[in-house]
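Contents: one structure, followed by commentary.
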Amino acid sequence: MTDQAKVMADQAKVVAAHRIEDARYWAAPRLEEVAHRVEDELAPKVSAMLVNAAERIDPTPRRSRGMPVMILLTGIAVGAIGYLFYRRNAQRWTEHMKDSASDASQWASGKADKTADATERMASEMSDKADEASRKMT
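In short: position in the sequence shown from 1, add 124, done, that's the numbering used here.
This is how it looks when you write it as structure tokens:
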């Protein structure tokens with residue numbers, strides 16, 4: 125029975141590892157897609173908002189060639205910041221998934237050990253009862 129419990133625990137570890145890996149394969153492209161949407165949609169809107177705020181604050185708005193360059197540089201800066209946030213969050217997510225996988229395998233190992241101990245204890249009790257019954261019969 126102990127061997128069977130250990131085999132079942134090993135199988136549970138393998139299944140847990142596969143499910144975690146499947147979750148990572150599922151989530152990674154979605155995170156990347158969200159990051160691209162932030163770059164493509166959010167960054168230009170933030171840039172436009174900053175330019176609009178600058179125009180409102182300036183007491184004597186001037187029309188010059190510097191404004192398009194400023195808008196371009198602001199957009200590049202916001203895009204770079206967005207990209208840095210994306211990379212940082214992707215790194216954190218990867219580390220979190222590694223920790224989660226480690227926690228899951230430790231949990232499965234702990235459960236397997238508890239099951240093996242319980243099975244061993246029950247087998248010992250049954251053996252003692254069988255020995256006692258055979259002594260009574262003789």
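Note that the Cβ used here is the ideal one computed from N, Cα and C, for glycine as well.
Residue 232 beta carbon less than 8 Å from that of residue 130 | In the sequence shown, residue 130 corresponds to position 6, counting from 1. In the sequence shown, residue 232 corresponds to position 108, counting from 1. Cβ distance not < 8 Å, so residue 130 and residue 232 don't count as in contact.
Pairing CB atoms from the region 151–171 with CB atoms from the region 209–221, are three or more of them under 8 Å?
-> yes
Any heavy atom of the ligand ADP within a distance shorter than 7 Å of the CB on residue 197?
-> Annotation note on the ligand ADP: not contained in the displayed structure, which lists no ligands.
Residue 234 to residue 257 span [Cα, whole Å] = As a working note, residue 234 is residue 110 in the sequence shown. As a working note, residue 257 is residue 133 in the sequence shown. Near 34 Å, if we compare the C-alpha coordinates of residue 257 and residue 234.
Whole-angstrom distance between residue 204 and residue 195, CA atom to CA atom = Translated into the one-based positions of the sequence shown, residue 195 becomes position 71. Translated into the one-based positions of the sequence shown, residue 204 becomes position 80. Going from the Cα of residue 195 to the Cα of residue 204 covers about 14 Å.
Residue closest to residue 164, alpha-carbon to alpha-carbon, out of 206, 255, 260, 238 = Looking up residue 164 in the sequence shown gives position 40. Here the closest residue by C-alpha is 206.
With distances taken from CA atoms, which of 172, 143, 220 is nearest residue 192?
-> As a working note, residue 192 is residue 68 in the sequence shown. Per the Cα distances, 172.
Which two residues bound the contiguous alpha helix (DSSP H) that contains residue 162?
-> In the sequence shown, residue 162 corresponds to position 38, counting from 1. No alpha helix (DSSP H) holds residue 162; DSSP gives it neither H nor E.
Continuous alpha helix (DSSP H) stretch holding residue 173: start and end | Position 49 of the sequence shown, counted from the first residue, corresponds to residue 173. 167–181 is the extent of the alpha helix (DSSP H) around residue 173.
For residue 202, count neighbouring C-beta atoms within 10 Å of its own C-beta (all shown protein chains included) and say buried if the count is 16 or more, exposed if not.
-> In the sequence shown, counting from the first residue as 1, residue 202 sits at position 78. So residue 202 ends up on the buried side.
Do residue 229 and residue 140 have their C-beta atoms closer together than 8 Å?
-> Looking up residue 229 in the sequence shown gives position 105. Looking up residue 140 in the sequence shown gives position 16. Taking a C-beta distance under 8 Å as the contact criterion, residue 229 and residue 140 qualify as a contact pair.
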